[in-house]
Every structure is written in structure tokens, then in C-alpha cells.
Amino acid sequence: MKKSLYLLSLMILMLSACGNKQADMGTSAKVEDSTVKTSQNDGNNTEDGQRVDKDFGSFVVADGFGEAKEQSGGGRYFYVVKGHEHDARPNNISINEGHQNYNLDESEKFAQSTTWQLNMQIKQSGIDATVTGSSGKTDAGDIMYIFDIKMNGSDEIDRQYYILRDKKFVMVFMSNFDGDESVNKAAKLMAKSFKWK
Numbered sequence: 001m002k003k004s005l006y007l008l009s010l011m012i013l014m015l016s017a018c019g020n021k022q023a024d025m026g027t028s029a030k031v032e033d034s035t036v037k038t039s040q041n042d043g044n045n046t047e048d049g050q051r052v053d054k055d056f057g058s059f060v061v062a063d064g065f066g067e068a069k070e071q072s073g074g075g076r077y078f079y080v081v082k083g084h085e086h087d088a089r090p091n092n093i094s095i096n097e098g099h100q101n102y103n104l105d106e107s108e109k110f111a112q113s114t115t116w117q118l119n120m121q122i123k124q125s126g127i128d129a130t131v132t133g134s135s136g137k138t139d140a141g142d143i144m145y146i147f148d149i150k151m152n153g154s155d156e157i158d159r160q161y162y163i164l165r166d167k168k169f170v171m172v173f174m175s176n177f178d179g180d181e182s183v184n185k186a187a188k189l190m191a192k193s194f195k196w197k
């Protein structure tokens with residue numbers, strides 16, 4: 001548990017340093033404050049869930065998932081399977097906006113830098129994990145990079161979806177501790193359905 005929380009903190013800290021291998025790891029990624037603008041009207045329902053609006057954009061939260069409001073804050077919003085909001089270690093998905101050093105035409109540099117930093121942080125923390133990456137696009141056509149951090153010897157996987165714009169990103173971060181496929185699908189839906197404001 002402590003290693004997982006430590007790894008999450010490390011991965012969030014690395015974001016501000018993307019593109020600078022000599023970056024000061026004491027500098028954390030700047031996360032924009034947002035106000036909750038969740039609309040509860042039927043016009044936001046989709047086939048798979050409910051479209052939620054935040055200051056940075058909108059996305060679909062899968063049926064059966066809800067916001068863990070006690071954990072959400074500072075521009076980061078957490079979602080868990082309904083009824084598990086108070087579990088000690090629930091599978092969860094968070095979403096937030098942050099800043100990075102690249103324009104869209106340099107997105108491959110962002111991916112290379114992020115891969116390098118994830119591998120270095122895992123190595124330095126002594127966590128036995130493997131990092132893999134892939135790319136794709138959101139339903140709206142935005143560039144998206146996906147990084148999987150698989151904890152060796154367990155079912156735990158952390159998955160980061162980065163949806164890019166010039167000098168900024170939205171990150172959908174999934175922590176799936178027990179291999180629950182519904183959590184994987186909910187995170188993918190949230191990332192694929194994301195639309196910038």
C-alpha cells in the first residue's frame with residue numbers, strides 16, 4: 001500500500017519535468033483549480049454513463065461509478081465504484097489538468113520524456129514494476145498517450161492516459177489493485193470520451 005501511494009506521488013511529481021532530464025524533482029506539476037460543475041439532468045446521460053462537465057472539459061463517467069468527493073480537491077477529481085467510497089484501498093480513477101513543456105507537434109518528445117521519467121522513478125523507488133506505452137486518439141480526435149505501470153507479482157496496474165494540447169494535458173489516472181475489468185473499461189471510457197473546453 002505504501003509503495004503504491006509513493007509511486008502515485010512520484011508519477012504526479014514528474015509531470016512538470018517532462019522534457020528536462022535534469023529537472024528538479026522537488027517541483028510538482030501545476031494542477032489547475034476547477035470548480036465542480038457536474039450536471040445532473042437527463043440531457044447528460046449517454047449509452048455508457050453520464051457526461052460530466054469540469055472547467056477544463058467534459059467526459060463520460062461509466063454507469064456504476066461516482067465521484068469520491070472526500071478525496072477530490074485541488075482540481076483533481078476521483079471516481080470509484082459506487083458504494084466503495086470509504087474502502088481503505090478502492091480501485092479508483094482520477095482526472096485533472098496539468099501543464100507540460102511541449103506543443104502538439106512535439107508530442108513524441110512528451111511521450112519519450114514521460115517514459116524515461118517513469119522508468120527512472122520506478123527504479124529509484126525500488127518498486128518491481130514494468131512500464132509499457134501506446135498511443136491513440138480520443139473520440140474528439142485529440143492525441144492520447146497511454147502508460148501502463150504493472151506491478152510484477154500482483155494484479156495491480158496503474159494506467160495513465162495523457163490527452164494533449166499545446167503546453168498542457170489532461171491526465172486520467174487509474175489505479176486497479178485487483179484486476180477488475182470494469183475499472184479498466186471505465187478509465188478507457190473517461191479518456192476516450194474526453195472533450196476539451
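The numbering of the sequence shown is the working numbering, which starts it at 1 and goes up by one. Glycine included, C-beta positions come from ideal geometry on N, C-alpha and C. On a predicted model such as this, the values are computed, not experimentally measured, just so you know.
Q: Determine the extent of the alpha helix (DSSP H) in which K69 is found, giving its start and end residues.
A: From DSSP, K69 is part of no alpha helix (DSSP H); its letter is neither H nor E.
Q. Where does the unbroken alpha helix (DSSP H) through A111 begin, and where does it stop?
A. 107 to 125
Q. With S175 and D158 assumed to form a contact (beta carbons below 8 Å), what rounded beta-carbon distance in angstroms separates them?
A. 5 Å
Q. Since S97 sits in a beta bridge, which residues does DSSP pair it with?
A. One point to set straight first is that residue 97 is Glu, not Ser, in the sequence displayed. DSSP output for E97 lists V170 as bridge partner(s).
Q) Residues in its own chain within less than 6 Å of M151 by CB, not counting five upstream and five downstream? A) A129
(Q) Using 9 Å as the threshold, is the C-beta distance between I122 and A187 below it? (A) no
Q: Classify K197 as helix, strand or coil using the three-state DSSP reduction.
A: coil
Q.
Could you check whether V81 and G98 sit closer than 9 Å to each other, using their CB atoms as the reference points?
A. no
Q. Between M190 and I95, which are expected to be in contact by the criterion C-beta below 8 Å, what is the C-beta distance as a whole number of angstroms?
A. 6 Å
Q. When the Cα atoms are used, what is the spatial distance from I143 to Q112?
A. 14 Å
Q) How many angstroms separate the CA atom of H86 from the CA atom of G75? A) 20 Å
Q: Note the first and the last residue of the continuous alpha helix (DSSP H) segment covering S154.
A: Note, S154: premise wrong, no alpha helix (DSSP H); not H, not E.
Q) Using DSSP with H/G/I as helix, E/B as strand and the rest coil, what is N103? A) coil
Q | Alpha-carbon spacing of K168 relative to K109, whole angstroms | A | 14 Å
Q) Does DSSP classify A187 as helix, strand or coil? A) helix
Q. Which residues in the same chain have their Cβ closer than 7 Å to the Cβ of V52, if we skip the five residues on either side of it in sequence?
A. T38, S58, F59, V61
Q. Who are N176's beta bridge partners in DSSP?
A. I157
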